[in-house]
Ligand code: GAL
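Numbering (the numbering used here), first residue to last: 153 to 474.
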């Protein structure tokens, strides 16, 4: 039995590091990707058939992942020398070193989707240089298999915009990358190119000035829903939801869950095709810099009233999808 907020372990009895994660259904498995800041890891992947036994697959992105240029502009570095940082910029309380004087970058909220046309698994993520939080870039990586070694294609600012907390979501046949921008004031949804490797000109600002982050989307009854947190760093706050028919016009944000979202922040929403139920996966981040890296997880079922207003079904035990 998985208890919300306790440490969860894989089938080798190692702690599961899949913070700020995402889930992909592929073949017979559900793949869970997320942040792993142990050693030189960035993103780890686990898989399950039953949401109880989690098999560790691979550290799919690390600071020594293979790199491949796909355009002239993306920055391909995943670590950089200490001297390359401006000493006047305040450093993070946590830094990761590669043992050769380089500071390892910081990768957050990795999300992976499958592109039917290119047959590639495509990862989008929030990239920071590991020294501070000013880079505010997104980054892209790809792989031929869900749990192989992803090839890193670099970081950039979409349309020059800052890009922090992010996710991927498909609605009405179009794949979107959604990220917090403008000092976290707004969320922007960018429609992706056919190969999912870049953003197109089609973009829409969501909730201008409302300071929402940690976006988690799902589709239900022809509408697209989003859950978001407020901006209080790793401290939990009130989750809000909204819905839309077209990704452009969004209803006014409404509260969901208690004022600290049962001490969690959204990672993603999983829709089980088996029982047609929706599950909120959240992170309970720690209270100190050492603990930020190792959130514990919560899973709450999302229930809906007759007007399709969602509610988080709080429970001590994780509501494991069936
Ligand atoms: C949170 C965000 C996390 C992490 C943290 C850093 O608001 O959702 O992913 O970036 O801030 O303070």
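Think of the CB as a built atom: it goes at the ideal place given N, C-alpha and C, for glycine as much as any other residue.
Tell me the residue span of the beta strand (DSSP E) that contains residue 341. 338-344
For residue 311, the three-state DSSP class (helix, strand or coil): helix
Fully enclosed by the stretch 387-424, which beta strand (DSSP E) runs are 3 residues long or longer? 391-396, 406-408, 417-424
Could you please give the first and the last residue of the uninterrupted beta strand (DSSP E) stretch that includes residue 262? 258-267
Host beta strand (DSSP E) of residue 347 (start-end): Where residue 347 is concerned, there is no enclosing beta strand (DSSP E), given that its DSSP letter is neither H nor E.
Can you check which of these residues, 453, 266, 280, 270, is closest to residue 258 by C-alpha distance? 280
Going by beta-carbon coordinates alone, are residue 457 and residue 447 separated by less than 8 Å? no
Specify whether the stretch 318-335 and the stretch 297-304 touch according to this definition: at least 3 beta carbon pairs, one from each stretch, less than 8 Å apart. no
Just reading off the beta strand (DSSP E) that residue 193 is part of, what are its end residues? 193-200
Using only alpha-carbon positions, find the residue among 459, 433, 462 that is nearest to residue 471. 433
If we count the other Cβ atoms within 10 Å of its Cβ and call it buried at 16 or more, is residue 186 buried or exposed? buried
Which residues in the same chain have their Cβ closer than 8 Å to the Cβ of residue 242, if we skip the five residues on either side of it in sequence? 284
According to DSSP, is residue 381 part of a helix, a strand, or is it coil? strand
Given residue 196 as reference, the closest of 166, 429, 179 once Cα atoms are compared: 166
Note down the Cα distance separating residue 411 from residue 381, rounded to an integer number of angstroms. 10 Å
Cα separation between residue 181 and residue 239? 46 Å
Does any heavy atom of the ligand GAL sit closer than 7 Å to the C-beta of residue 261? yes
So is the beta-carbon of residue 172 under 7 Å away from any non-hydrogen atom of the ligand GAL? yes
Expressed to the nearest angstrom, what Euclidean distance is found between the alpha-carbon atoms of residue 346 and residue 201? 30 Å
Three-pair Cβ contact test at 8 Å for the stretch 392-402 versus the stretch 368-384: yes
Contact under 8 Å by Cβ, residue 161 with residue 168: yes
Check whether the Cβ of residue 386 lies closer than 7 Å to any heavy atom of the ligand GAL, and answer yes or no. yes
heavy atom of the ligand GAL below 7 Å from residue 365 C-beta: yes
Kindly indicate which residue of 337, 438, 349 has the alpha-carbon position closest to the one of residue 387. 438
Can you pull the DSSP bridge partners for residue 166? The partner list for residue 166 (beta bridge, DSSP) is empty, contrary to what the question assumes.
How about residue 342 and residue 359: are their beta carbons less than 8 Å apart? no
Residue 427 to residue 370, Cα distance in whole Å? 15 Å
Go through its chain and collect everything with a Cβ distance to residue 461's Cβ below 8 Å, but skip five positions before and after it. 406
Under 7 Å from any heavy atom of the ligand GAL, does the C-beta of residue 350 make it? no
Quick one, are the C-beta atoms of residue 275 and residue 290 less than 8 Å apart? no
Three-state secondary structure (DSSP) of residue 216: coil
Quick one: Cα of residue 174 to Cα of residue 421, how far? 8 Å
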